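>
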Amino acid sequence: MSILTYITQAEIRDAADELDGKILTRPALLVTDGENLIYAVDVDIGQKAPLKNVPIARGNFDLLYADAGNACRLRRSASGQYEVVGFSKELPGTYTRIAVDLTDLSLGPIEDITISARPLGYGELADFGGYGMVPYGAVAIFRGDTLLELRIP
Amino acid sequence: MDDAWTPYAKDAKRVVKVLHHPGATPLEMVTQTATDAVDFSPYATQMRQSANELSLTLTWHMQLYGAGQPKAGEIIAVQLDDKALWWGVIESLNDYRLQAGARTLTLIVRSRDAGPFWREVRRMTDIYPTATPLSRIARDIALALGLTDAEMQLPTSSSYTAHSNTQLADLPAWAMLEQLYGPEGRAPFVDARGRLKTISRDCARAADIALTEDRIVAVTASRSRPSVTAVRVKWLDPALTRVEHQDQSLAQATITAGFFQPVQKQEVAFSDDGSQRADNTYLVVKQSANSGLLPVCEEDYEQTSQTGGRIVLTTARWVPGLIGSFLALKAAAALPDIAPPFGGPTAPTGKIVYGGLELSVLLVMASIGTGQYEVHGTPYDYVNGRNTTEAYNSAAPAWVSNEMEIENDFVSSEDAAQAYAIRELIYNARSASSYGVSIVDDPRIEPGDVLQFPDGSHLYVTGYSRDLTAGAPAVLDVDGFQV
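For the record, the sequence lines run as chains P and H. Numbered according to my numbering, the first sequence terminates at residue 824, and the numbering increases by one at each position without gaps. Numbered according to my numbering, the second sequence terminates at residue 493, and the numbering increases by one at each position without gaps.
(1) Can you check whether the CB of H:TYR170 is closer than 9 Å to the CB of H:THR142?
(2) Which residues mark the beginning and the end of the beta strand (DSSP E) in which H:GLY360 is found?
(3) Does the distance from the C-beta atom of H:SER7 to that of H:SER443 stay below 9 Å?
(4) Quick one: Cα of H:LYS23 to Cα of H:GLU38, how far?
(5) Any contact of the stretch 298-310 of chain H with the stretch 375-392 of chain H, i.e. 3+ C-beta pairs under 8 Å?
(6) Please name the residue in P:MET804, P:PHE799, P:TYR807 and P:GLY803 whose C-alpha comes closest to that of P:PHE813.
(7) Using a C-beta to C-beta distance shorter than 8 Å, which residues of chain P count as neighbours of H:TRP258?
(8) Who are the Cβ neighbours of H:SER335 in its own chain at under 8 Å, not counting the five residues just before and after it?
(9) Please report the straight-line C-alpha distance between H:TYR392 and H:ARG252, rounded to a whole angstrom.
(10) What do you get for H:SER121, buried or exposed, if any count of 16 or more other CB atoms within 10 angstroms of its CB means buried?
(11) By alpha-carbon positions, which one of H:ASP451, H:SER467 and H:SER475 ends up nearest to H:VAL227?
(12) Could you compute how far the alpha carbon of H:LEU206 sits from the alpha carbon of H:ARG196?
(13) Which same chain residues, not among the five before or five after H:LEU478, have their C-beta less than 6 Å away from its C-beta?
(14) Name the two residues that bound the continuous alpha helix (DSSP H) containing H:ALA185.
(15) From the DSSP output, in three-state form, read off P:TYR802 for me.
(16) Looking at C-alpha atoms only, which residue of H:SER102, H:GLN462 and H:ASP201 is the closest neighbour of H:ASN62?
(17) Just to make sure I have the definition right: I need the residues of chain P whose C-beta is within less than 9 Å of the C-beta of H:ARG396. Which are they?
(18) Taking the CB atoms as reference points, tell me whether H:SER448 and H:VAL488 lie closer together than 9 Å.
(19) Kindly indicate the opening and closing residues of the alpha helix (DSSP H) around H:LEU155.
(20) Less than 9 Å between CB atoms is the rule here; does P:ARG768 satisfy it with respect to chain H?
(21) Under 8 Å Cβ to Cβ from H:TYR383, same chain only, skipping five residues before and after it: list those, please.
(22) Relative to the C-alpha of P:ILE709, which residue among P:GLN718, P:ARG729, P:SER777 and P:LYS719 is closest?
(23) Check whether the stretch 765-783 of chain P and the stretch 386-404 of chain H touch, using three or more Cβ-Cβ pairs below 8 Å as the test.
(24) Going along chain H, which residues have a C-beta under 9 Å from P:GLY740?
(25) Quick check on H:GLY318: buried or exposed, where buried means 16 or more other Cβ atoms within 10 Å of its Cβ?
(26) Under the DSSP definition of a beta bridge, which residues are partnered with H:VAL238?
(27) Quick one: which unbroken alpha helix (DSSP H) runs of 4-plus residues sit fully inside the stretch 708-775 of chain P? Chain order, please.
(28) Could you compute how far the alpha carbon of P:MET672 sits from the alpha carbon of P:VAL702?
(29) Around the Cβ of H:LEU337, are there at least 16 other Cβ atoms within 10 angstroms (buried) or fewer (exposed)?
(30) Once DSSP output is grouped into helix, strand and coil, what is the label at H:PRO165?
(31) Are the C-beta of P:VAL805 and some C-beta of chain H separated by less than 9 Å?
(32) Between P:ILE786, P:LEU791, P:TYR793 and P:VAL810, which has its C-alpha nearest P:ARG697's C-alpha?
(33) Using C-beta distances below 6 Å, list every residue in its chain close to H:ALA427, excluding the 5 sequence neighbours before and after it, in chain order.
(34) Check for me: the beta strand (DSSP E) holding H:VAL40 runs from which residue to which?
(35) In or out: P:GLU682 buried (at least 16 other Cβ within 10 Å) or exposed?
(36) Distance check for P:ASP704 and P:LEU675, CA to CA, integer angstroms please.
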C-alpha cells in the first residue's frame, strides 16, 4: 500500500526539485497495511492552497515530532511526487493581496490570506466546538482569520 | 531626462558628426578627453541611433582599408551640432560588401552596458552587514565593472540591508543592480554619455516633458502581448519566525543518591551537541530514587539556560546525621557492662546501646536509591519567513489570468512590498499595449521619462530611435506605453 501526493497546481513553478514549506498538521499515521507505516502531513508551500497528505521520509524521528507551523523541506521526484525530507531554515510567511483598479489606479482593501496552523488553546477549544467535542491537542488551520479545518488528534 | 539639451525646432537642420576612436577608453569618452578621434562623417551613408544601439553604414573607396578600418571593441561616437550625443562600443561588423568602385560595411555599435561583461558574467559581491546602504553596494558593483565615480550618477539610496550577512552571488552585474533598485521603483540605465544612473519605473508620477500639438508628427498604437493581471513579490522577512516541535523527551539521566553525598547535581543538555533550545521544560521521573525501602532524597529540576538544565537530588536531612551516629557508636563502645553486685546475669548495657546505634547506622547506609529521570519540553528554533505580497487587477476575469512573480530580498517591510507589487503591476499591465509617437527631435528624452500629450494623456518612454542619415528630417521616434 502506498500513497502519492501529486502536484496538480499549475503554479508550482519551474518544476522545482526542492521547496520550503510550512507544516500545517501534526504528523499522523495515514495508512498502514500492517507492514508499511506511512506518516503524512499537510504542507503550506506559499500558494493559495496547501498540499495535502504529503508523506514524511522514513526514519526521521525528529520529523515525526514536528509541530504545526514548523519549517520543512520538500523534495519532488521526477514524476511529481513530493515528500518531506527534513527541516528547513525558511518557510512561507505572510501572504497579502491588494486589489488595484488599473483604470484609475485606485487601491482596494488589503486582504490577508496567510495559511497558518497552530494547536488550539483551552479557550479556543470552546470557541471551535466545545469541550469534549474538540479535544486538547486539536490543530486548527486558518486562512487569514478564517478557520479552514480542525485536525483532531 | 537629459537637461543638457534643448529640443530642436520643427524642420531644423541637425549637423551630425560620426567619430571613430580606435584607442580611447570609456572614461575618456565620459570626460570628453579623448584625442584620437577620426572623422567618419564623410563615409556615413546610413545611420540610426537608439538609446542603446547605433547602426552605421559606411561607404568608402580606399580610405578605410587596413589600419583605418574600425574593429570590434573600438569606440564610435556621435556628435550633434558639435556636442557629444552618444557613444558606444563596436559589437560587430555585420555586412561587408565589395562592389565596383565602392565598398560598404555596416557596424552595430552598442552602449557599454550591452556586452557580456555587464549582462552575462556572473559575479559575487562582498558580504555586507545589516544597515548597509544599498547605494553603497551598487557603487561597489559599479567599481567592480571598472567604472570610476566620474562614470556614475547613482542616486543615494534610502534603503538599507535588512538582513545580516547580505551577499549577492552568481548574478550578472546588471541583475544585481536591478535587484538593488527594484524595491525603490528604479532600474539601472546607462545614458547616452555612458554614465551609469537609474531611471524611475513609477508610471503614475508627473510628466517630465509636455509636448505641444505642433511637435507631434504621428502616433501609433498596438497591443503586443497579454497584459499582466497580478504581480507577486516574494521577500524574506527580516523578522524571524519561531517554530516549535511537539512536547518530547529532551534528555535522560540516571542518578544515585544516598548517605555518601548531601546533594547530587547533574547538568543535562537538550541535545547531544548542546545546541537545541527548548521551552516549558519539566522533569519526568521514570523511576524515583525514593522507590526503595526508605525515602532518601528530594528530586528537583530547573532550566538553567536555553539549551540545558540541572537535576538536583537533595539527600534527606537525617542522613547527614550518620557521622554523629558513627561518633556515638564509638562512644557507646566504651560503655561498661553492668554486673549485679549480688549475682545474676550481667546486664550488657554497652552492647545494647552499641547494637541500637549500629542498627541505625546500617539502616542509614542502606538508604541508597538510584533514580531514572527524563527532561521533557518543547524544542524551538527561529527561521526566516518568505512573505508573499500580491497586487492584482481587480477587473481582470479569471480566464485572462497572467501572473508574474518577483523574488527580491531587499524588500524591508510589508509596506515596501505592497508599493513594489502595485508599481510593477501597473508598469507591466500598461506596457503590454505599446505606443509609438514620432515627434520633432528632442535630445532631452531618454527611457524612463514620462511625456504628456496635449490631450492630457501620458506616455512612459521605453525607448527611442532617430535617423541621423544626412538629410533625414529631425524626427525622434519614441516607443513606450500609455500611463
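Ideal Cβ placement from N, Cα and C applies to all residues, glycine included. None of the values given here were measured: they were computed from a predicted structure.
So, from the listed chains and residues:
(1) Within the second sequence, residue 142 of chain H is the residue found at index 132, counting from 1. Within the second sequence, residue 170 of chain H is the residue found at index 160, counting from 1. Contact flag set, yes.
(2) The count along the second sequence starts at 1 and reaches residue 360 of chain H at position 350. Not the beta strand (DSSP E): H:GLY360 falls in the alpha helix (DSSP H), residues 359-376.
(3) The displayed coordinates of chain H run from 11 to 493. Any statement about residue 7 of chain H would go beyond what the structure contains.
(4) Your numbering for residue 23 of chain H matches position 13 in the second sequence. Your numbering for residue 38 of chain H matches position 28 in the second sequence. Spanning the two alpha carbons is a distance of roughly 29 Å.
(5) These segments touch.
(6) Locating residue 813 of chain P in the first sequence gives position 142, where the first residue counts as 1. For P:PHE813, the nearest C-alpha among the options comes from P:PHE799.
(7) Taking the first residue of the second sequence as position 1, residue 258 of chain H is located at position 248. The residue asked about is misnamed: residue 258 of chain H is Gln in this sequence, not Trp. In chain order, TYR736 make up the part of chain P whose C-beta sits under 8 Å from the C-beta of H:GLN258.
(8) Locating residue 335 of chain H in the second sequence gives position 325, where the first residue counts as 1. For H:SER335, the CB contacts under 8 Å within the same chain, skipping 5 residues up- and downstream, are LEU367, SER370, VAL371 and VAL374 in chain order.
(9) Here residue 392 of chain H refers to the residue found at position 382 when the second sequence is read from its first residue. Here residue 252 of chain H refers to the residue found at position 242 when the second sequence is read from its first residue. Rounded to the nearest angstrom, the two C-alpha atoms are 4 Å apart.
(10) Sequence index remark: in the second sequence, residue 121 of chain H carries index 111 (1-based). Buried is the call here.
(11) In the second sequence, the residue the question calls residue 227 of chain H occupies position 217. By alpha-carbon distance to H:VAL227, the top candidate from H:ASP451, H:SER467 and H:SER475 is H:ASP451.
(12) Working through the second sequence from its first residue, we reach residue 206 of chain H at position 196. Working through the second sequence from its first residue, we reach residue 196 of chain H at position 186. So the two alpha carbons sit approximately 13 Å from each other.
(13) Here residue 478 of chain H is taken as the residue at index 468 of the second sequence, counted from 1. For H:LEU478, where only same-chain residues beyond five positions count, the Cβ hits under 6 Å are VAL26, MET57 and GLN59.
(14) The residue you call residue 185 of chain H lines up with position 175 of the second sequence. 183-191 is the extent of the alpha helix (DSSP H) around H:ALA185.
(15) Residue mapping note: residue 802 of chain P aligns to position 131 of the first sequence, counting from 1. Look at P:TYR802 here: in three-state DSSP terms it is coil, with no helix or strand label.
(16) The sequence position of residue 62 of chain H within the second sequence is 52, counting from 1. Looking from the CA of H:ASN62, the closest CA among H:SER102, H:GLN462 and H:ASP201 belongs to H:ASP201.
(17) If you number the second sequence from 1, residue 396 of chain H lands on position 386. Near H:ARG396 (Cβ distances below 9 Å), the residues of chain P are ASP691, GLY717, GLU761, LEU762, PRO763 and GLY764.
(18) In the second sequence, the residue the question calls residue 448 of chain H occupies position 438. In the second sequence, the residue the question calls residue 488 of chain H occupies position 478. For H:SER448 and H:VAL488, yes; Cβs fall inside 9 Å.
(19) Numbered from its first residue, the second sequence carries residue 155 of chain H at position 145. Unbroken run through H:LEU155: none, as it is neither H nor E.
(20) Numbered from its first residue, the first sequence carries residue 768 of chain P at position 97. It does; some Cβ of chain H falls within 9 Å.
(21) Looking up residue 383 of chain H in the second sequence gives position 373. Around H:TYR383: GLN262, ALA263, THR264, ILE265, LEU293, VAL294, VAL295, LYS296, GLU309, TYR311 and ILE321.
(22) Looking up residue 709 of chain P in the first sequence gives position 38. Among P:GLN718, P:ARG729, P:SER777 and P:LYS719, the Cα nearest to that of P:ILE709 belongs to P:ARG729.
(23) Yes, they touch.
(24) The sequence position of residue 740 of chain P within the first sequence is 69, counting from 1. Here the neighbours are THR251, ARG252, VAL253 and GLU254.
(25) The residue given as residue 318 of chain H occupies position 308 in the second sequence. H:GLY318 comes out buried.
(26) Taking the second sequence and counting its residues from 1, the one referred to as residue 238 of chain H is at position 228. According to DSSP, which records beta bridges pairwise, H:VAL238 is partnered with nothing at all.
(27) Taking only runs of at least 4 residues, the alpha helix (DSSP H) segments lying wholly in the stretch 708-775 of chain P are 732-735.
(28) Numbered from its first residue, the first sequence carries residue 672 of chain P at position 1. Numbered from its first residue, the first sequence carries residue 702 of chain P at position 31. With a pLDDT of 35 at P:MET672, under the threshold of 50, the modelled position of that residue is not reliable, and no figure is offered here.
(29) Mapped onto the second sequence, residue 337 of chain H falls at position 327. Classification for H:LEU337: exposed.
(30) Residue numbering aside, residue 165 of chain H sits at position 155 when the second sequence is read from its first letter. Note: H:PRO165 maps to coil in three-state DSSP.
(31) For the purposes of this step, residue 805 of chain P is identified with residue 134 of the first sequence, where counting begins at 1. Not closer than 9 Å to any Cβ of chain H, the Cβ of P:VAL805 fails to qualify, so no.
(32) Residue 697 of chain P sits at position 26 when you count from the first residue of the first sequence. When each option's Cα is compared against that of P:ARG697, the closest is P:VAL810.
(33) Within the second sequence, residue 427 of chain H is the residue found at index 417, counting from 1. Result list for H:ALA427: VAL243, TRP245, THR399 and VAL421, in chain order.
(34) Taking the second sequence and counting its residues from 1, one reaches residue 40 of chain H at position 30. Not the beta strand (DSSP E): H:VAL40 falls in the alpha helix (DSSP H), residues 36-40.
(35) Looking up residue 682 of chain P in the first sequence gives position 11. Low per-residue confidence applies at P:GLU682: pLDDT is 40, beneath 50, and the placement is therefore not dependable, though the value from the model is reported in the following sentence. Under this definition P:GLU682 is an exposed residue.
(36) By 1-based counting over the first sequence, the position of residue 675 of chain P is 4. By 1-based counting over the first sequence, the position of residue 704 of chain P is 33. Below a pLDDT of 50, predicted positions are generally treated as unreliable, and P:LEU675, at 43, falls in that range; no measurement from the model is reported.
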